[in-house]
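Quick note: the sequence shown uses our numbering, first residue 13, plus one each step.
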Amino acid sequence: MLMTNLDKTLVGYNFVLKIFFFVIKREKLNVLINEIKNSGDKVSDDRKTLMAIHVIFITFISTALVSAFSLLSQYKAEMTVEAWMPFDPFKDRMSLLMAAQILAICFVVPCLYRAFAMQGIVCSIIMYFCDQLLHLQGNLKKLGNTKHNEMQARKEFKGIVKKHVRLMRYTKTFTEIFKEFFLIQNLAVTIELCLNALMVTVVGLDEKTLLASFLTFLGLALFNAYIFCYLGDELIILSTGISQAAYESEWTSWPIDMQKDLLIIIKVAQRPLKLSAGGMAIMCIQTYSQALYNAYSIFAVLNDVVD
């Protein structure tokens, strides 16, 4: 009974904790979003489309999976998740259906879809950072010879420096707001991987539904974790790419003072912008790969113990 509910309750705790910290930090997030809106930065149409597709895809896939397991539970005359009801849900089919509807109204709508909306906000802001860093690289490379238009070049260079400083400040604020969010995400994936290693080891093939449930929710958790780690990796790559873009500009024709300022940009950009999971890990592909490796190690140890 415990193992039957563990996969679904883990997803529930994951969403509820994320929502809890999101609500606590919502005022700071609102300030950050307003600053971004008033900054005058433009986001490309391709990036906007990608933001929308991400939210729609995650919502559709998650809804389909939850609906599939709910329908399977109804077909087998079981509760989707073991929960207390003010009536006997197994009295008849209508009582069981009523229990499923209560769970959907009390959890799926307020928690599940709110969690998807939060993920959409988080990923959209990270995509915005990546888009602006890419735009900043292009502006640095296009900053040409200053001999004939020094005043204009200085003005453009000043705008580039200000934007770079602003993006660093935005990223620092964003990381401070969502450090608990990313920590919960990492912990949830780690626990899911450990539980699945245990399940694959101890559960026989006769319990295919239980095993499929665990593997399905694991796949969803890994997919969500990959999105965050991929975007975190992109942020690191694009932020360090500022130094390369600065070096590729026509800096040899610039005045000495501008060259010194450019050197400062190169030095600062060598320290990448990164997303921290509560100060314990960095959201990047390397962290994701390490989590998978650790899960395989746990599975190998458990398998040897059982054998």
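Beta carbons: idealized from backbone N, C-alpha and C, even for Gly. Small disclaimer: the values here were computed from a predicted structure and weren't measured.
Taking C-beta atoms as the reference points, isoleucine 73 and methionine 97 fail to come closer than 9 Å. Residue burial annotation: glutamate 47 is exposed, with fewer than 16 other C-beta atoms found within 10 angstroms of its C-beta.
For threonine 185, the closest alpha carbon among the candidates Leu22, Val23 and Lys286 is that of Lys286.
In the structure shown, serine 309 falls within a helical segment according to DSSP collapsed to helix, strand and coil.
Separation of tyrosine 140 and leucine 22 (C-alpha to C-alpha, rounded to the nearest whole angstrom) is 31 Å. Straight across, the Cα-Cα distance linking serine 51 with histidine 176 is about 12 Å. When the beta-carbon positions are compared, leucine 152 and alanine 258 come within less than 9 Å of each other.
With fewer than 16 other Cβ atoms inside 10 Å of its own Cβ, methionine 106 counts as exposed.
Taking a 10 Å sphere around the C-beta of asparagine 236, we find 16 or more other C-beta atoms and assign the residue as buried. Ranked by how close their Cα comes to the Cα of lysine 30, the residues Ile189, Tyr300, His147 and Ala127 have Ala127 in first place.
Contact check for methionine 180 against valine 43 fails: the beta carbons are separated by 9 Å or more. Within a 10 Å sphere around the beta-carbon of glutamine 197 sit 16 or more other beta-carbons, which makes this residue buried. Secondary structure of serine 288 (DSSP, three-state): strand. In this structure, Phe27 is the residue among Ala224, Ala307, Gly291 and Phe27 with its C-alpha nearest to the C-alpha of valine 121. Isoleucine 297 has its alpha-carbon roughly 23 Å from the corresponding atom of glutamine 149. When Cβ pairs closer than 8 Å are counted between the two stretches, the stretch 57-75 is seen to touch the stretch 131-139, the count reaching three or more. Sequence-distant Cβ neighbours of serine 136 in its own chain, meaning closer than 7 Å and more than five residues away, are Met63. Residue nearest to isoleucine 189 within the set Asp58, Ala116, Lys37 and Ala200 is Lys37 (criterion: CA-CA distance).
Excluding its 5 nearest sequence neighbours in each direction, glutamate 246 has C-beta neighbours in its own chain below 7 Å: Cys142, listed in chain order. Of the candidates Gln271, Leu195 and Met211, Met211 places its Cα closest to the Cα of phenylalanine 311.
Alanine 111 and threonine 75 have their alpha carbons spaced roughly 18 Å apart. Under a 10 Å Cβ-count criterion, phenylalanine 102 is classified as exposed, with fewer than 16 other Cβ atoms of the shown protein chains found around its own Cβ. DSSP lists no bridge partner for isoleucine 189. Put simply, of Asp58, Ile248 and Met163 the residue whose alpha carbon is nearest the alpha carbon of methionine 270 is Met163.
For leucine 108, the enclosing alpha helix (DSSP H) begins and ends at 105-115. For lysine 279, the enclosing alpha helix (DSSP H) has its first and last residue at 268-281. Boundaries cannot be given for glycine 52, as no alpha helix (DSSP H) includes it and DSSP labels it neither H nor E. The continuous alpha helix (DSSP H) containing cysteine 135 extends over residues 125-154. With contacts defined as CB atoms closer than 9 Å, isoleucine 276 and isoleucine 254 fail to qualify as a contacting pair. Distance between phenylalanine 32 and glutamine 86, taken at the CA atoms: about 31 Å.
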